[in-house]
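Numbering of the sequence shown is given in full-length UniProt numbering, commencing with residue 1 and proceeding in unit increments.
Positions of the beta carbon are idealized from the N, C-alpha and C atoms, including for glycine.
Notes follow the structure.
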Amino acid sequence: RKVAMPCLFLARSCLRITHSAAQTIMFFPRMRSRLNFSTSAHQAGTIGFIGLGNMGASMAANMIKSGKPVVVYDINEAAVTKLKELGAHSASSPAAVAATATTVISMLPSSPHVLDVYLGTNGILSKATAGSLLIDCSTIDPKVAQQVGAACDARGMTFCDAPVSGGTAGAAAGTLTFMCGAADDAAMARAAAVL
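Dropping the structure here:
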């Protein structure tokens with residue numbers, strides 16, 4: 001599994017490869033010649049988004065504004081209501097999001113939240129189907145990303161660890177930089193088509 005290194009170390013060793021909707025996806029230079037991005041190969045239907053805090057709410061809002069159907073979940077009902085006003089559908093749990101969407105993006109506060117949302121009783125993996133694309137944009141312990149990735153792999157799901165740089169202003173403007181790590185080039189290409 002290729003796991004993104006902390007941003008401080010990543011910046012020197014990465015190359016910006018593609019720009020989509022004013023967002024930048026960063027990959028390791030040695031992968032440059034092998035990546036072939038296509039937004040048609042893995043077009044996502046409904047996008048699930050879990051975690052509607054300062055970063056996630058803006059990220060989900062930008063997905064909605066781009067015309068993508070979005071289903072959202074957050075423990076904060078007020079945050080869900082704001083996204084519903086923009087056109088999102090809501091779900092009652094992370095599992096319900098995964099039952100509705102084959103692509104799920106999460107932006108959560110910490111490693112324990114990620115473990116619960118993915119591996120918990122009502123977590124994403126309890127309802128996601130084989131072939132689903134799961135992208136975590138949280139800044140978490142790399143070992144947690146590896147644990148979640150291994151659980152996804154065992155179930156035939158594609159996982160991408162994609163922490164971001166750019167802060168709340170970048171989230172609102174749609175100019176975040178994603179530092180992606182995934183099991184293989186195909187997984188990276190699927191994530192790039194969505195992000």
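Per DSSP, which residues does residue 133 bridge with? Please list them. Taking the first residue of the sequence shown as position 1, residue 133 is located at position 133. Paired residues: 103, 158.
Kindly list the residues whose CB is nearer than 7 Å to the CB of residue 76, restricted to its own chain and excluding five residues on each side of it in sequence; keep chain order. Here residue 76 is taken as the residue at index 76 of the sequence shown, counted from 1. Same-chain partners within the cutoff: 52.
Is the beta carbon of residue 74 closer than 9 Å to that of residue 105? For the purposes of this step, residue 105 is taken as residue 105 along the sequence shown, with counting starting at 1. For the purposes of this step, residue 74 is taken as residue 74 along the sequence shown, with counting starting at 1. Not closer than 9 Å, so no.
Name the DSSP beta bridge partners of residue 89, please? As a working mapping, residue 89 is identified with position 89 in the sequence shown. The beta-bridge partner set that DSSP reports for residue 89 consists of 71.
Cβ atoms of residue 183 and residue 141: under 9 Å apart, would you say? One-based indexing of the sequence shown puts residue 141 at position 141. One-based indexing of the sequence shown puts residue 183 at position 183. The answer is no: Cβ separation not under 9 Å.
Proximity to residue 179 [Cα-Cα], best of 85, 160, 194, 169: Numbered from 1 along the sequence shown, position 179 holds the residue referred to as residue 179. Residue 160 is the option with its Cα nearest to residue 179.
Cα-Cα separation, residue 176 to residue 110: For the purposes of this step, residue 176 is taken as the residue at position 176 of the sequence shown. For the purposes of this step, residue 110 is taken as the residue at position 110 of the sequence shown. Near 19 Å, if we compare the C-alpha coordinates of residue 110 and residue 176.
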